[in-house]
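Report on the structure given below.
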Amino acid sequence: MAKMTMVQALNLALRQQMEKDDSVVILGEDVGRDGGVFRVTDELLDKFGPERVIDTPLAESGIAGMSIGMAVYGLKPVCEIQFSGFSYFSFHQIESHASRMRWRSQGRFTVPMVLRCPYGGGVRALEHHSESREAFYAHIPGLKMVIPSGPRNARALLASAIQDPDPVIFFEGKALYRAFREEVPEEEETLPLGKSHLAREGKDLTMISYGAMMRPTMEAAEILKEKDGVEAEVIDLMTISPLDDELFTKSVKKTGRAVIVHEAPRSFGAGAEIISRIMEKSFFYLEAPIARVTGYDVVIPLFARENAYLPDAQRITRAARRILSS
Amino acid sequence: MVMGEFTQETDVAVIGGGPGGYAAAFRAADLGLDVILIDDGPRPGGVCLFRGCIPSKAFLHISELLHDTKIAKNMGLTFEKPSIDLDALRKWKNSVVDRLTNGLMKLSERRGVQFIQARARFEDSGTIRLQGSDVTHIKFKHAILASGSRPSTKRGIDFKEGGRVMDSTGALDIPEIPKRLLVVGGGYIALELGSVYASLGSETHVIVRSERLLRGADLDLVRPLQKKLEGLFAGIHFHTEITELKEQNDKVEVTFDGEIEPKSQSFDRVLVAVGREPNTEDLGLENTKVKINKRGFVEADDQQKTADEKIYAIGDVVGGAMLAHKAMKEGKVAAEVIAGKPSEYDVRALPAVVYTDPQVAWTGLTEEKAREDGVEIKVTRFPWKFAGRAITMEAPEGMTKMIIEASSGRLLGMGIVGRDAETLIAEGTLAVEMGALAEDVGLTVHAHPTLSETEGEAAEVFLGSSTHILPKT
Amino acid sequence: MSRSFKLPDLGEGIHEGEIISILVKVGDSVEEGAPIMEVETDKATVEIPSPFTGSIEAIKCEPGDIVHVGDALVIFSGDGAEAEEAPAGKKPEKEAERKPEEAERKPAETEEKKPEAKPEEKKEKVPAKAPEKREGPVPASPATRRLARELGVDLRDIPASGPEGLVTAEDVRSFAEGVKAKEKPAVTEPTEKEAPAEEREVSLALSPTGVAIPELPDFAKWGEVERIPVRSIRKATARQMALAWSQIPHVTSHDSIDVTKLEAFRQKHKAEVEAKGGKLSVTVFALKAAATALRAFPNFNATLDVKAGEIVRKKYYHIGVAAQTGEGLVVPVIRDVDRKSVIELSIELTELVERTRNRKVLIDEMRGGTFTITNVGPLGGGHFNPIINYPEVAIMGMGQARMQAVVINNDEGAHEIAPRLMMPISLTIDHRVLDGADAIAFVNKVKEVLQDPDELLMAMV
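Chains as they are written, first to last, in my numbering: chain B, -15 to 310; chain D, 21 to 493; chain Y, 14 to 474.
In structure tokens, the structure reads:
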């Protein structure tokens, strides 16, 4: 086992999947010669050659469209959209074709592609480089929407995504890329898509989150334990769609209270869906209304106000305390 | 490269990849902590590996070789005058440095220590800003400052890179073998580097501001060295200072004040080695609670803690003996304290070695310091002219001395001048640390014929049982 | 050469005290034996004499401090202050000059360097064993020094067994163990909590049954609270009562004694006793009555030795009289009640109670009792259930004598209601040793003797 950052873990996953299966190809802007602007595809061109690691022109709809074609043809493309904020150009391809191919062909053709992009704020980047729009993709039937929270699960989830026969949108939190290092085993490891993970066991409160917000959520759980003696249960969704509601409804039945944390804007975000499921499946177990700690319904601010927008441990703790006391 | 500020979190951020820094980083990693080691060089090693200890010792090895080929004539072995290929010499020195620094890089990787080449500044007591790397910020639980030192510029002398007035860094590049070299300084760096150039063929003049060489060492240890150096150097001039220095295209004009004659001379190169000063600027220390004392060193206690409870400091930057092994020990202490162990810097005998020929080494209390502090001592000496091994090596100009506490017979210090003093001093260091009595050293059997015997015999002089010298009472 | 004076062992089970006053100040010269401070332990104030002749270098405590046996209280400097400027190369101390405070300690020679500012700035802590501070680094190998750091001991405190004062790893380990042993609490009851040693000891003392006590709620939640530390007499009482209650099965017999005649007798002789310096109170008569009953029923004058399985009957009659002082309940003991006259008892009792109220009673005067009388009558009250003064087996309580309507047999032998002065009496027994019948018999004896002064004269011991 070696300690690595998420960038290194993703690189490991790509390398191993490409070694294992030569139908896996990578395409995107600057992924080849440059190794990716975040170095996720570092050294893969040298290893696998230009037929499998393709530097594309600056054309996101082309990148997605080409990937769909390759996938239907029999390859397993892993395309990279340099920033999730640029992915809207490829949205039409994804919504109108990638997600429907299985339905359209009644199962004869599927699209085993992965569309990876860095998403989310916390790195004081420019406009268009910090938003979280996972809800757009989660709302499309026929797609899987996956968001890892650390090096080890990023590697395992990407490996599973590449092996999945249907299109997977894989969002990588840029704030997490180099934030911390974790032991990641050298041998191949996968995690099933569509299953969430119990990150922390507890009994007084359920906290549900994903991606870069897992860290402040876990921090809030520690604060609650230390200061208030509250044992919070924390769930890492890992896959947004299809949503694994089994784990969190079981948890809410145990605790009776829930807090949901995501950096995406509040209204019509993933939190809304989670709350609806909880209401549907464990309404009578609720002791208090469910709280959402989210980004605000505005464009994510630039440098100076970014920290005021993103949920932090303090905000999450306050919300938790509010519902614990009602 | 990329837009955005990328923050990495870690348990211990070590600033400075020299012996102190890397020793601290490795120890911390071995104790289970997450460590980031930052240095502005491409690999760990710092001054010691790249432009200090290692290169100078490589060259001094050459000096000893050259010296031995010369005296071999007396033993019946005649060598022709050697031809010196400076390029090859430099290349070999660089290969030594590369081998060692690559090794350090591998050790870092194996231990999970992340090495980042960058310049670091503290933004506050918990954050470091990096320049020149993908990671822009590091959030640390603890930091160890090991930024080291640089050749002192205090005499108002400007070192132009590649100029004729060199500091130790420039000198270690050996740009040429100057015909006439002026060495300014009487400490170990001046003498070591001066010896290297003199052995390579330069007419070397050493000027010293005070009345003696190697302040800090006992005079009786310096005398045999000085005698030898007087033969090697063209001249050693005490009580002499530079009043004016003019660098020209092809020479340096120097005007002196003091004992040297004539008072105006020109040299091909000038090597200035008058001391080292700590690297405390441009580190953003003013954004932390770290305190710097009047002499410019960072204040740290014997657990290496500074006034800022998250920041530790070690090595040259905290002053004291500016030696690599002191930095390494302090680095280990800092790492252990951070890991929760009750460690502290409680060294009783810190060895110091001067790698001239003969070498000079001392450890523990020197005779001078003992007398200054009013400690009642007995001093015993064993001159190497009575040591069989020294004679077989044609290195009889040596002496081993012991400083012994009169009341208890306990060994307080040891001093050695002679070839291989660097190795011999270890026995003295161990003995003083263990609280050994001179009796313990004297009763221990030392192999014959070896130079280490001189240590046993010096102890036996104290006990009155020495063999190869008449015991004194 | 500094010497430290530590709180000596003050008596059985007493391991701490409160500093009441310090009678000297820094710089004073004192003679051996002169009082230097007053310490209150449990219930008595003890004067501490100076163990040395010398001058006071430092005082390490102040009034109000709680100190423990072994704590350094005062530092004396040697006969005349030691010269500050030692000339270079002073002769080291020889073993013979060393004070044999710790007999087993091997001699360690110290080298005296010319003192720099350092020794004074070194740790303030006075070494527990070594009477003089070592100067300069203590010889010890690096591994030994690390061991000392890990065990949290100071090399300077450790007696050295290596040559010329070398401290070995063994020395460090044995010293550390010794320090640990000393810190064990005096009460050796099974412990339940991991509270700090002192806290544990106090709470153990106050509830020694080994029952796990649940955590208290935060009372401040419901309103304002005030916290008063349990100290001194209160603490001692709490400890004693908790112990007695938990160990002894208490049964109390209540009755009332017609003391009309006794009271008249008392009034008659009050003045003459007062002239002699004593106060003729009901308690004095009670003492005599009790002694009489104790003689008749020896099991009441005893202790149950559980370990040996024996009843220890005492052949002496020392009766404690519970007295309420400003700080709490104190029980001084009157010895040999059977051998003293009523007048003698009056005088002694009066004087003893007064000294008790002024906190001048000695610890010894509170020890050795075989039975206790607790008369709350002067304050009021009727029947109550007194708690036995462990390790005794019975206690007699008396309430306020009040005029009451009582049915008596008149001279004709017929029932009549008459106003009589009735005093409540409550006798608690240890039912392991005594039975209800014994209690009744005892009470009857006391009644017999107190109801008629003539009877008292005839029967009393």
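Quick reminder that beta carbons are idealized off the backbone N, C-alpha and C, glycines included.
Per-residue contacts from residue i into chain B (C-beta, under 9 Å)
{"i": "D/PHE160", "result": "The premise fails here: D/PHE160 is roughly 12 Å from chain B at the closest Cβ pair, so nothing lies under 9 Å."}
Chain D residues whose Cβ lies nearer than 9 Å to that of residue i
{"i": "B/ALA204", "result": "Chain D residues near B/ALA204: none, gap ~17 Å exceeds 9 Å."}
{"i": "Y/GLY178", "result": "SER428, ARG430, GLY455"}
{"i": "B/LYS(-13)", "result": "ASP54, GLY132, GLN134"}
{"i": "B/HIS112", "result": "Ordered by position in chain D, no residue passes the 9 Å Cβ test against B/HIS112, which lies about 10 Å from the chain."}
Contacts of residue i in chain Y (Cβ-Cβ under 8 Å)
{"i": "D/MET454", "result": "SER154, PRO155"}
Assigned secondary structure, residue i (DSSP; H/G/I helix, E/B strand, else coil)
{"i": "Y/VAL1", "result": "As shown, chain Y starts at 14 and ends at 474. That puts residue 1 of chain Y outside it, with no answer to give."}
{"i": "D/ARG200", "result": "strand"}
{"i": "Y/LYS131", "result": "Caution is warranted here: a pLDDT of 41 is assigned to Y/LYS131, below 50, making its placement in the model unreliable, and no coordinate value can be reported."}
{"i": "Y/GLY395", "result": "coil"}
{"i": "B/ARG100", "result": "strand"}
{"i": "B/ASN291", "result": "helix"}
{"i": "D/GLU231", "result": "coil"}
{"i": "D/MET342", "result": "coil"}
{"i": "B/PHE75", "result": "helix"}
{"i": "D/THR98", "result": "coil"}
Endpoints, the beta strand (DSSP E) within which residue i is located
{"i": "D/VAL67", "result": "It is not in any beta strand (DSSP E) - D/VAL67 instead sits in the alpha helix (DSSP H) that spans 66 to 71."}
{"i": "Y/ASP443", "result": "428 to 443"}
{"i": "B/GLY46", "result": "Premise fails: B/GLY46 lies in the alpha helix (DSSP H), 44 to 57, not in any beta strand (DSSP E)."}
{"i": "D/GLU417", "result": "Neither: D/GLU417 is in no beta strand (DSSP E) and is coded neither H nor E."}
{"i": "B/GLN(-8)", "result": "Per DSSP, B/GLN(-8) belongs to no beta strand (DSSP E); it is in the alpha helix (DSSP H), -10 to 4."}
{"i": "Y/HIS263", "result": "263 to 271"}
Contacts of residue i in chain D (Cβ-Cβ under 8 Å)
{"i": "Y/GLU539", "result": "Given that chain Y is displayed from residue 14 to residue 474, the structure contains no residue 539 of chain Y and the question cannot be resolved."}
Euclidean distance between Cα positions of residue i and residue j
{"i": "D/VAL242", "j": "D/MET342", "result": "20 Å"}
{"i": "D/VAL292", "j": "D/VAL228", "result": "11 Å"}
{"i": "Y/MET473", "j": "Y/ALA303", "result": "9 Å"}
{"i": "Y/PHE384", "j": "Y/VAL37", "result": "41 Å"}
{"i": "D/PRO39", "j": "D/GLY65", "result": "6 Å"}
{"i": "D/LEU106", "j": "D/GLY335", "result": "33 Å"}
{"i": "D/TYR375", "j": "Y/VAL180", "result": "36 Å"}
{"i": "B/GLY126", "j": "D/VAL133", "result": "43 Å"}
{"i": "Y/VAL82", "j": "Y/GLY191", "result": "15 Å"}
{"i": "B/PRO61", "j": "B/GLU13", "result": "14 Å"}
{"i": "D/GLY37", "j": "D/ILE445", "result": "27 Å"}
7 Å Cβ cut-off: residues of chain D touching residue i
{"i": "B/VAL107", "result": "GLY24, GLU25, PHE26"}
{"i": "B/ALA163", "result": "THR27, GLN28, GLU29"}
{"i": "B/LYS158", "result": "GLY24"}
Host alpha helix (DSSP H) of residue i (start-end)
{"i": "B/PRO135", "result": "135 to 147"}
{"i": "Y/MET254", "result": "245 to 260"}
{"i": "Y/ALA182", "result": "182 to 195"}
{"i": "D/LEU106", "result": "106 to 131"}
Neighbouring residues, chain Y, relative to residue i (Cβ below 7 Å)
{"i": "D/GLU364", "result": "ARG162"}
{"i": "D/ARG184", "result": "Going along chain Y, no residue has its Cβ under 7 Å from D/ARG184, so there is no contact; the nearest lies around 47 Å."}
Beta carbon of residue i nearer than 7 Å to that of residue j
{"i": "B/PHE73", "j": "B/SER45", "result": "yes"}
{"i": "B/HIS113", "j": "B/GLY49", "result": "no"}
{"i": "Y/LEU20", "j": "Y/VAL80", "result": "yes"}
{"i": "B/ILE219", "j": "B/ILE192", "result": "yes"}
{"i": "B/VAL24", "j": "B/VAL(-9)", "result": "yes"}
{"i": "B/CYS63", "j": "B/SER80", "result": "no"}
{"i": "D/HIS400", "j": "D/MET419", "result": "Note that residue 400 of chain D corresponds to Thr in the displayed sequence, not to His. Result no, Cβ atoms of D/THR400 and D/MET419 do not sit closer than 7 Å."}
{"i": "Y/LEU463", "j": "Y/ALA452", "result": "no"}
{"i": "Y/ALA189", "j": "Y/VAL166", "result": "yes"}
{"i": "B/VAL277", "j": "B/ALA297", "result": "no"}
Proximal residues of chain B, C-beta to C-beta of residue i below 7 Å
{"i": "D/VAL155", "result": "ARG162"}
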